[in-house]
Ligand code: MG
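Numbering (the working numbering), first residue to last: 191 to 464.
Structure (structure tokens):
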């Protein structure tokens with residue numbers, strides 16, 4: 191016999207043997223419990239006893255808040271925000287102005303902070319528009335910022351449409367550390383979106399055991415792919431991590447430009463290891 195004839199026969203024999211040695215899979219509830227354990231978990235492959243993911247209602251259209259989000263701005267008021275200095279001190283009623291379903295930075299009025307704190311891991315949706323026509327250049331054009339843990343970790347907001355600046359300071363940069371993968375900016379005045387996943391750093395007995403990680407989609411485009419931060423963000427230096435509570439306020443930067451924001455919502459996430 192030719193090898194070409196023998197080969198399919200051998201394969202058929204082997205698979206018949208393998209099949210006859212296999213136990214018939216035994217169903218257990220919705221799945222199986224006679225399957226291997228998934229490494230690092232107490233769950234079997236296809237384990238029917240594994241907790242069901244909670245059911246939520248997604249937003250009607252992309253960008254709308256799902257049912258389990260905390261809506262931080264619904265187009266009407268800034269009741270969930272306070273104004274304060276960069277270090278979070280001198281907290282007072284929000285001084286930024288609400289108009290046309292958005293809110294706008296009033297230059298030199300201070301940062302905005304959420305009254306509520308969030309963490310350790312979270313998903314944030316926020317929309318922004320830089321002033322039009324764009325004025326100034328480099329860091330002076332449409333500058334603001336989205337911060338986690340008070341003013342500790344900044345995701346840059348800037349008008350980088352046909353405006354060059356140092357790469358680790360451009361739109362959707364992790365300021366002073368990681369430039370975005372691409373420049374996905376829309377022109378000044380147009381609404382843009384950030385969808386951000388922020389994983390807070392973890393400490394054990396005063397030692398950092400896991401850094402902060404950030405993933406960003408800017409206008410739906412991946413710009414930060416699960417980047418590890420080196421510490422808090424700042425100007426012209428690298429900060430070391432300083433231990434902080436697992437929850438913190440969200441903040442928006444007053445950098446002297448009347449940047450507008452709208453449709454802000456946040457979801458706290460279960461620790462990713464569960
Ligand atoms: Mg900034």
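Backbone N, C-alpha and C define an ideal beta-carbon position, used for all residues, glycine too.
Just so you know, these numbers come straight off a predicted model, no measurement behind them.
With fewer than 16 other Cβ atoms from the protein chains shown falling within 10 Å of its own Cβ, residue 280 counts as exposed.
In chain order, the residues positioned with their C-beta nearer than 7 Å to some heavy atom of ligand 1 are 333, 334, 335, 344, 346, 347, 348, 365, 443, 445. Taking 8 Å as the cut-off, the beta carbon of residue 404 is found closer than this to the beta carbon of residue 419. Taking each of 369, 452, 436 in turn and checking the Cα distance to residue 310, the smallest one comes out for 436. Residue 335 is bridged by DSSP to 346. The Cβ atoms of residue 263 and residue 338 lie no closer than 8 Å to each other.
The C-beta separation of residue 383 from residue 253 comes to about 6 Å, placing the pair in contact by the 8 Å criterion. Between the alpha carbons of residue 234 and residue 240 lies a distance of about 8 Å.
DSSP lists 312 as the beta-bridge partner residues of residue 458. A Cβ-Cβ separation of about 13 Å leaves residue 413 out of contact with residue 347 under the 8 Å criterion. According to DSSP, residue 411 shares a beta bridge with 408.
Here residue 221 carries a strand assignment [DSSP, helix/strand/coil]. The beta carbons of residue 369 and residue 377 sit about 20 Å from each other, so the pair does not count as a contact at 8 Å. Nearest C-alpha to residue 265 among 289, 411, 439: 289. The beta carbon of residue 411 lies closer than 6 Å to those of 374 in the same chain, with the five residues before and after it left out. Contact check between the segment 294 to 306 and the segment 351 to 366: fewer than three CB pairs, one atom from each, fall below 8 Å, which does not count as touching. By the neighbour-count criterion, in which 16 or more other beta carbons inside 10 Å mark a residue as buried, residue 331 falls on the buried side. Of all C-beta pairs linking the segment 307 to 325 to the segment 440 to 455, three or more are shorter than 8 Å, placing the two stretches in contact.
Every unbroken stretch of the beta strand (DSSP E) spanning 3 or more residues and falling wholly within the segment 230 to 300 is given here in chain order: 260 to 263, 271 to 274, 287 to 289, 292 to 294. A direct Cα-Cα distance of roughly 11 Å separates residue 385 from residue 345. Per the C-alpha coordinates, the member of 213, 238, 251 positioned closest to residue 219 is 238. Note on residue 391: 16 or more other CB atoms within 10 angstroms of its CB, so buried under the neighbour-count rule. In the same chain as residue 259, and ignoring 5 residues on each side of it, the C-beta atoms closer than 7 Å to its own belong to 455, 456, 457, in chain order. Judged by DSSP in its simplified three-state form, residue 330 adopts helix.
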